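Colleague: When you line the sequence shown up against full-length UniProt numbering, it's residues 1 to 423, in that order.
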Amino acid sequence: MFCPFCAVQLGDAPKFCPSCGMNVGFLTERPSTSSSVGHGPTEDDLIRAYFRKDHSNEIIRDFLESKHGIVMSLKTLKRRLKRLNLSRRANYTPLETVNAAITTELNGSGQLLGYRAMWQTLRQKHSLTVKRDNVMQALRLLNPTGVSLRHRRRFVRRSYCAAGPNQVWHVDGYDKLKPFGIAISGCIDGYSRRVMWLSSGSTNNDPAVIAQHYLQCVSSYGLPARLRTDCGTENGDMAAIHCSLREDHTDEFAGSVSHMYGTSTANQRIESWWSFFRKQRTQFWMDLFSDLRERHYFNGTHEHKCLVRYVFLGIFQKELDEHRELWNNHTIRPVRQSLCPSGKPETMYHLPHRFGGRDCGFPVDPQVLQEFKDLLPPTNSLCGDANLQAYFANLERQSQLAPPINWPAAVDNYIRLKEMAGL
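1) Over what stretch of residues does the alpha helix (DSSP H) that includes C217 continue unbroken?
2) When DSSP labels each residue in this structure, what does C187 get in the three-state scheme?
3) Compare the Cα-Cα distances from residue 470 to each of Y160, E271, R281, E43 and report the closest residue.
4) If you follow the beta strand (DSSP E) that V168 is part of, which residue opens it and which one closes it?
5) Just reading off the beta strand (DSSP E) that Y261 is part of, what are its end residues?
6) How do the segment 231-238 and the segment 207-222 stand: do at least 3 beta-carbon pairs fall below 8 Å, yes or no?
7) Is DSSP giving T229 helix, strand or coil here?
8) Taking the straight line between their C-alpha atoms, what separation do you get for G108 and R281?
9) From which residue to which residue does the beta strand (DSSP E) around L245 run?
10) Mapping DSSP to helix, strand and coil, what is G361?
11) Grouping DSSP H, G and I as helix and E and B as strand, with all else coil, what is L198?
12) How long is the line joining the alpha carbons of P403 and F284, rounded to whole angstroms?
13) Within 10 Å of its beta-carbon, does K53 have 16 or more other beta-carbons around it, so buried, or fewer, so exposed?
14) Since G40 sits in a beta bridge, which residues does DSSP pair it with?
15) Just how far apart, CA to CA, sit S199 and N99?
16) Considering just the uninterrupted stretch of the alpha helix (DSSP H) at A138, what are its terminal residues?
17) Please report how far the alpha carbon of S256 lies from the alpha carbon of T250, in whole angstroms.
18) Give the DSSP-derived three-state secondary structure of G356 in the structure shown.
19) Measuring CA to CA, which of D45, D175, Y115 is closest to M286?
20) Give the list of continuous alpha helix (DSSP H) stretches no shorter than 4 residues that lie fully inside the segment 77-120.
21) What residue range is occupied by the uninterrupted alpha helix (DSSP H) comprising Q389?
22) Report all residues from its chain with a CB closer than 6 Å to the CB of E319; omit the five preceding and five following residues, and keep chain order.
23) According to DSSP, which residues form a beta bridge with G343?
24) Just checking my contact of S264 with D230 at CB under 8 Å: how many whole Å lie between their CB atoms?
25) Go ahead and label S87 buried or exposed: buried means 16 or more other beta carbons lie within 10 angstroms of its beta carbon, across all protein chains shown.
26) Just the C-alpha distance for R336 and A266, rounded to the nearest angstrom, thanks.
27) Please report how far the alpha carbon of Q167 lies from the alpha carbon of W274, in whole angstroms.
28) Quick one, which of F392, E58, G110, L128 has its alpha-carbon nearest R89's?
29) Using the Cα positions of Q367 and L376, report the straight-line distance between them to the nearest angstrom.
30) Quick one, which of Y92, N85, R61 has its alpha-carbon nearest L77's?
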């Protein structure tokens, strides 16, 4: 069974995809009416999922054939799209509905998005059919301050060259939210610019945590030819595991040379991506937590950081998963200085033949990966302190607080639990 949203192999009767985090419970609840075998998604489910990611008809055909073994002519696909009432230039969503969805996004980190990113969010997250120009006009009316603050910058960057996906993975940590207790670890494929993982937790300095992210990603996508990281000690276990997995290969980058250490500034792909990440996501959270600190609800102690993680980490990770999905399915425009192709990261990663590339990765034995996983020590609890987590959970049960579903509810829960705990 494959995930219809990211095409990753799923286990038995999953409720959520372990890769993209999307709800895939409907795959086992709905009986199959297509020619696919077993209890996987129907052809209509797959067509609908790829269409909502704004892929062209040719790309949808290629995904269906390459990832699901479904051969379909372009004419048949167009008939299916018409039957499913899926159109890119018809049945436009009423502007009132569009404005309401934009207003919802502007109440959170969506206030940092430009009109192109907002247009993509409306199409993929809210399944709305809307013209990009209408989104631009709506943002000028609904968020004039944000529009005026965003201005275009041009930088002269080095040319980056890669033969295909899985040639180089770039791994790094993001520490801008560490003063508030939240650490982020990320990995990006150098050729396609696809975000391979984006995870938050109590630390990104524990080698076991980084190694677990790596092993989980390798089990889903295969073994990259090379890894690039900075010289931090948190990358030691991952580097050793990667070099061990590449030891028996015979290419020029096999063995110990399959991992590259370097300065953070030289880790070009991921460092560049962090700047986009801050503009579109984390600046909102930095401002939110700074506001709590200015209101004397946060003082940077261990207990306060644990409480932030206990309350906010669930909705924060959900937003990271959402941002990863949106980024992987947005269109990267051509850049004259770049030797890598332009297009959607998801498409460039899974269908490199359409861009003149090839998959540079290697298959890996799942049993070998499991042996490495068994060697790693267990990671910390959700909030980084098992005793405090149990204490906060007990207070939450006593006060009958519902788990937060958005940031305003999380702020209310945080203040309530802080007062109950006397912090």
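The C-beta atom is built at its ideal place from N, Cα and C for all residues, glycine as well. Note that the structure is predicted; figures quoted are calculated from it, not measured.
Modeller: According to the structure data:
1) Along the sequence shown, read from residue 1 onward, the residue named residue 217 stands at position 217. Run containing C217: 207-221, per the alpha helix (DSSP H) assignment.
2) For the purposes of this step, residue 187 is taken as residue 187 along the sequence shown, with counting starting at 1. Reduced to three states, the DSSP call for C187 is strand.
3) The requested residue 470 is not part of the displayed model; the chain covers only 1 to 423.
4) Position 168 of the sequence shown holds residue 168. Element bounds for V168: 168-174.
5) Along the sequence shown, one-based indexing puts residue 261 at 261. Looking at the DSSP string, the run of the beta strand (DSSP E) that includes Y261 is 259-261.
6) With a cut-off of 8 Å, the segment 207-222 and the segment 231-238 count as touching, because enough Cβ pairs lie within range.
7) Counting from 1 along the sequence shown, the entry for residue 229 is found at position 229. When DSSP states are grouped into helix, strand and coil, T229 belongs to the strand group.
8) Along the sequence shown, one-based indexing puts residue 108 at 108. Along the sequence shown, one-based indexing puts residue 281 at 281. Distance from the CA atom of G108 to the CA atom of R281, rounded to whole angstroms, is 9 Å.
9) Counting from one through the sequence shown, the residue named residue 245 turns up at place 245. From DSSP, L245 is part of no beta strand (DSSP E) but of the alpha helix (DSSP H) over 236-245.
10) As a first step, residue 361 must be located in the sequence shown, where it is residue number 361. G361 carries a coil assignment under DSSP once its states are collapsed to helix, strand and coil.
11) Within the sequence shown, numbered from 1, the residue matching residue 198 stands at position 198. It is a strand residue.
12) Here residue 403 refers to the residue found at position 403 when the sequence shown is read from its first residue. Here residue 284 refers to the residue found at position 284 when the sequence shown is read from its first residue. Straight-line Cα distance between these residues: approximately 21 Å.
13) Here residue 53 is taken as the residue at index 53 of the sequence shown, counted from 1. K53 sits buried, since 16 or more C-beta atoms from the chains shown fall within 10 Å of its C-beta.
14) For this step, residue 40 is matched to residue 40 along the sequence shown. Under DSSP, no beta-bridge partner is assigned to G40.
15) Locating residue 199 in the sequence shown gives position 199, counting from the first residue. Locating residue 99 in the sequence shown gives position 99, counting from the first residue. The alpha-carbon of S199 is positioned some 31 Å away from that of N99.
16) Numbered from 1 along the sequence shown, position 138 holds the residue referred to as residue 138. Note, A138: alpha helix (DSSP H), 132-142.
17) As a working mapping, residue 256 is identified with position 256 in the sequence shown. As a working mapping, residue 250 is identified with position 250 in the sequence shown. Near 12 Å, if we compare the C-alpha coordinates of T250 and S256.
18) As a working mapping, residue 356 is identified with position 356 in the sequence shown. Three-state result, G356: coil.
19) Walking along the sequence shown from the start, residue 286 turns up at place 286. Nearest of D45, D175, Y115 to M286, Cα basis: D175.
20) Counting only runs of 4 or more, we get 95-106.
21) Start at 1 with the first residue of the sequence shown, and residue 389 comes out as number 389. In the DSSP assignment, Q389 falls within the alpha helix (DSSP H) that extends over 386-399.
22) Along the sequence shown, read from residue 1 onward, the residue named residue 319 stands at position 319. Counting only Cβ-Cβ distances below 6 Å, and skipping sequence neighbours, we find nothing.
23) Looking up residue 343 in the sequence shown gives position 343. Assignment of beta-bridge partners to G343 by DSSP yields I332.
24) Residue mapping note: residue 264 aligns to position 264 of the sequence shown, counting from 1. Residue mapping note: residue 230 aligns to position 230 of the sequence shown, counting from 1. Cβ atoms of S264 and D230 come within 8 Å of each other, at about 5 Å.
25) By one-based count along the sequence shown, residue 87 stands at place 87. When all chains shown are included, S87 counts as exposed.
26) Taking the first residue of the sequence shown as 1, we reach residue 336 at position 336. Taking the first residue of the sequence shown as 1, we reach residue 266 at position 266. Taking the straight line joining both Cα atoms gives about 21 Å.
27) As a working mapping, residue 167 is identified with position 167 in the sequence shown. As a working mapping, residue 274 is identified with position 274 in the sequence shown. Answer to the nearest angstrom: the Cα atoms are 21 Å apart.
28) In the sequence shown, the residue the question calls residue 89 occupies position 89. That would be L128, whose Cα lies nearest to the Cα of R89.
29) Counting from 1 along the sequence shown, the entry for residue 367 is found at position 367. Counting from 1 along the sequence shown, the entry for residue 376 is found at position 376. Looking at the two C-alpha atoms, the distance is approximately 15 Å.
30) To locate residue 77, count along the sequence shown from 1; it is residue 77. Cα-wise, what sits closest to L77 is R61.
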